[in-house]
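Student: Questions regarding the structure given below will be posed in turn.
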Amino acid sequence: MSTSNFISANKLHKTRILLLGGTSGIGFAVARAALEHGASVILSSSNPEKVTNAIARLKTLYPDEPYASRIAGTACDLGKDDEAIEAEIVALYEFATRPDLFGSGSGSGTSEGKVPINHIVFTAGAVPRTLAPTDPNVTASYLRSLNTIRFIGGALVAKHAPAYMPKPTTGLTTTPSAPSSSITYTSGALVVRPAPGMSLGLAGAGAIEVFSRALAVDLAPHGIRVNAVAPGPVLTEMLEDIAEKGQGGREGVLGAYARETVLGRVGAPEDTAEAYLALMRDGFATGVLLRSDGGFTLK
Numbered sequence: 019m020s021t022s023n024f025i026s027a028n029k030l031h032k033t034r035i036l037l038l039g040g041t042s043g044i045g046f047a048v049a050r051a052a053l054e055h056g057a058s059v060i061l062s063s064s065n066p067e068k069v070t071n072a073i074a075r076l077k078t079l080y081p082d083e084p085y086a087s088r089i090a091g092t093a094c095d096l097g098k099d100d101e102a103i104e105a106e107i108v109a110l111y112e113f114a115t116r117p118d119l120f121g122s123g124s125g126s127g128t129s130e131g132k133v134p135i136n137h138i139v140f141t142a143g144a145v146p147r148t149l150a151p152t153d154p155n156v157t158a159s160y161l162r163s164l165n166t167i168r169f170i171g172g173a174l175v176a177k178h179a180p181a182y183m184p185k186p187t188t189g190l191t192t193t194p195s196a197p198s199s200s201i202t203y204t205s206g207a208l209v210v211r212p213a214p215g216m217s218l219g220l221a222g223a224g225a226i227e228v229f230s231r232a233l234a235v236d237l238a239p240h241g242i243r244v245n246a247v248a249p250g251p252v253l254t255e256m257l258e259d260i261a262e263k264g265q266g267g268r269e270g271v272l273g274a275y276a277r278e279t280v281l282g283r284v285g286a287p288e289d290t291a292e293a294y295l296a297l298m299r300d301g302f303a304t305g306v307l308l309r310s311d312g313g314f315t316l317k
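Structure (structure tokens):
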């Protein structure tokens with residue numbers, strides 16, 4: 019049966035998706051799901067070894083064609099200072115738009131010898147070492163460090179995005195299915211239900227929610243939609259590590275998180291990955307904050 023008339027399954031087919039923070043957790047699950055929908059994926063992390071390992075994991079999970087040849091990645095350190103961050107981002111964009119990265123058929127359209135990136139997913143940003151706002155160790159340098167990757171890095175990714183994404187159609191269009199590019203950022207359910215001592219650590223996540231909504235207005239003339247996902251307690255490698263080290267052991271910690279959700283369980287990365295896919299595939303969604311938290315914010 020031909021799939022040419024499908025209205026949903028082909029939306030990511032032959033697109034190029036850049037995932038900052040795509041080597042583990044939710045970002046890695048988004049990469050898997052995007053591959054399964056026919057996209058080519060570029061993984062990025064500050065750690066080159068993590069990039070290499072994540073590519074190997076994906077190719078082990080998807081050893082056959084056409085999947086294995088649609089996986090690439092490179093390091094990009096968003097934790098650097100000032101101009102160095104921008105240089106890292108530009109180098110990442112140059113890598114991700116190389117026409118020879120995947121061979122033929124891995125993207126639609128070319129621009130100045132490049133294959134444009136159709137979608138960007140930003141899940142980068144480790145859980146910060148959070149201090150109480152009155153802690154004597156809170157300094158301006160510490161506060162900047164909390165926001166370097168998630169907010170400053172995210173803003174600079176947006177700054178350069180129009181040069182590396184498909185050029186928009188000019189003016190109004192009466193074609194509902196016009197091609198649509200997107201950037202999807204990541205916030206978190208704790209922004210709505212903050213835990214004690216998290217005010218400084220959550221400031222950047224909260225800023226992302228406002229920033230993504232306003233950025234949707236600013237990037238609309240460039241044909242780029244901007245959205246954000248707010249995950250709840252999701253069983254990523256990071257949460258596993260917290261649970262293993264937490265008081266009460268793994269089951270005790272995960273049980274405590276589960277009791278904080280309406281569904282009575284923690285989420286799986288592949289659950290929340292669907293939220294990112296939905297925002298990439300819905301060409302009419304922009305300025306949206308999509309929650310995938312098991313009802314964490316309802317309790």
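Numbering (my numbering), first residue to last: 19 to 317. Glycine included, every Cβ here is placed at the ideal spot set by N, Cα and C. Please read all numbers here as calculations on a predicted model, not as lab measurements.
1. T35: buried (16+ other C-beta within 10 angstroms of its C-beta) or exposed?
2. Buried or exposed: which applies to R371, given that a residue is buried once 16 or more other Cβ atoms fall within 10 Å of its Cβ?
3. Please identify the residue among D153, D99, G39 whose C-alpha is closest to the C-alpha of S163.
4. Taking A52 as the reference, give the member of I226, K29, S63 with the closest Cα.
5. Rounded to whole angstroms, how far is the Cβ of V139 from the Cβ of Y294, which I believe are closer than 8 Å?
6. Can you give me the Cβ contacts of D82 inside the same chain, cut-off strictly under 7 Å, excluding the 5 residues immediately before and after it?
7. Cα-Cα, which of R116, G121, R75 is closest to R88?
8. Going along the chain, which residues of its own chain have a beta-carbon closer than 8 Å to the beta-carbon of M216, five neighbours each way excluded?
9. In whole angstroms, what separates the C-alpha of P151 from that of P212?
10. Count Cβ pairs between the segment 217-234 and the segment 297-307 that sit closer than 8 Å; are there 3 or more?
11. List in chain order: all unbroken beta strand (DSSP E) runs of 3+ residues lying wholly within the segment 59-103.
12. On a Cα-Cα basis, can you pick out the residue from N165, P84, L174 that is closest to Y111?
13. Excluding five sequence neighbours on each side, which residues of the same chain lie with their C-beta closer than 6 Å to the C-beta of R168?
14. Tell me, to the nearest whole angstrom, how far the beta carbon of T141 is from that of G40; I am working on the premise that it is less than 8 Å.
15. Can you look up L316 in the DSSP assignment and give me helix, strand or coil?
16. Would you list the one or two residues that DSSP bridges to A248?
17. Pick from Y85, D153, Y182: whose alpha carbon is nearest that of G131?
18. From which residue to which residue does the alpha helix (DSSP H) around I25 run?
19. Name the DSSP beta bridge partners of F140, please?
20. Bridge partners for S199 per DSSP, in chain order?
21. Beta-carbon within less than 7 Å of G282's beta-carbon, same chain only, minus the 5 sequence neighbours each way: which residues are those?
22. Going by other Cβ atoms of all chains shown within 10 Å of its Cβ, with 16 needed for buried, is L37 buried or exposed?
Tutor: Let me lay it out:
1. For the purposes of this step, residue 35 is taken as the residue at position 17 of the sequence shown. In the sequence on display, residue 35 carries Ile and not Thr. Classification of I35: buried, given that the 10 Å Cβ count is 16 or more.
2. A question about residue 371 goes unanswered here, because the residues of the chain that appear run from 19 up to 317.
3. The count along the sequence shown starts at 1 and reaches residue 163 at position 145. Among D153, D99, G39, the Cα nearest to that of S163 is on D99.
4. Taking the first residue of the sequence shown as position 1, residue 52 is located at position 34. Here the closest residue by C-alpha is K29.
5. One-based indexing of the sequence shown puts residue 139 at position 121. One-based indexing of the sequence shown puts residue 294 at position 276. Sure, about 6 Å apart at Cβ, within 8 Å.
6. Counting from 1 along the sequence shown, the entry for residue 82 is found at position 64. Correct list: empty, nothing qualifies.
7. In the sequence shown, counting from the first residue as 1, residue 88 sits at position 70. The option with the nearest alpha carbon to R88 is G121.
8. Locating residue 216 in the sequence shown gives position 198, counting from the first residue. If we look at M216 and ignore the five residues flanking it on each side, its Cβ neighbours are T148, L208.
9. As a first step, residue 151 is located in the sequence shown; it is residue number 133 there, counting from the start. As a first step, residue 212 is located in the sequence shown; it is residue number 194 there, counting from the start. Going from the Cα of P151 to the Cα of P212 covers about 14 Å.
10. yes
11. 89-93
12. Residue numbering aside, residue 111 sits at position 93 when the sequence shown is read from its first letter. Answer by Cα proximity: L174.
13. As a first step, residue 168 is located in the sequence shown; it is residue number 150 there, counting from the start. Excluding sequence neighbours, R168 sits near G143, G222.
14. For the purposes of this step, residue 141 is identified with residue 123 of the sequence shown, where counting begins at 1. For the purposes of this step, residue 40 is identified with residue 22 of the sequence shown, where counting begins at 1. Yes, they are in contact, since the Cβ atoms of T141 and G40 sit about 7 Å apart, within 8 Å.
15. In the sequence shown, residue 316 corresponds to position 298, counting from 1. DSSP places L316 in helix when its eight states are reduced to three.
16. Stepping through the sequence shown from its first residue, residue 248 is reached at position 230. For A248, which the question treats as bridged, DSSP gives the partners R309.
17. Start at 1 with the first residue of the sequence shown, and residue 131 comes out as number 113. Closest option to G131, Cα to Cα, is Y182.
18. Mapped onto the sequence shown, residue 25 falls at position 7. Where I25 is concerned, there is no enclosing alpha helix (DSSP H), given that its DSSP letter is neither H nor E.
19. The count along the sequence shown starts at 1 and reaches residue 140 at position 122. In DSSP, F140 forms a bridge with L38.
20. Indexing the sequence shown from 1 puts residue 199 at position 181. DSSP, once it has assigned bridges, lists I242 as partnering S199.
21. As a working mapping, residue 282 is identified with position 264 in the sequence shown. Cβ neighbours of G282 beyond the five flanking positions: A276.
22. Within the sequence shown, numbered from 1, the residue matching residue 37 stands at position 19. The residue is buried, with at least 16 neighbouring Cβ atoms inside 10 Å.
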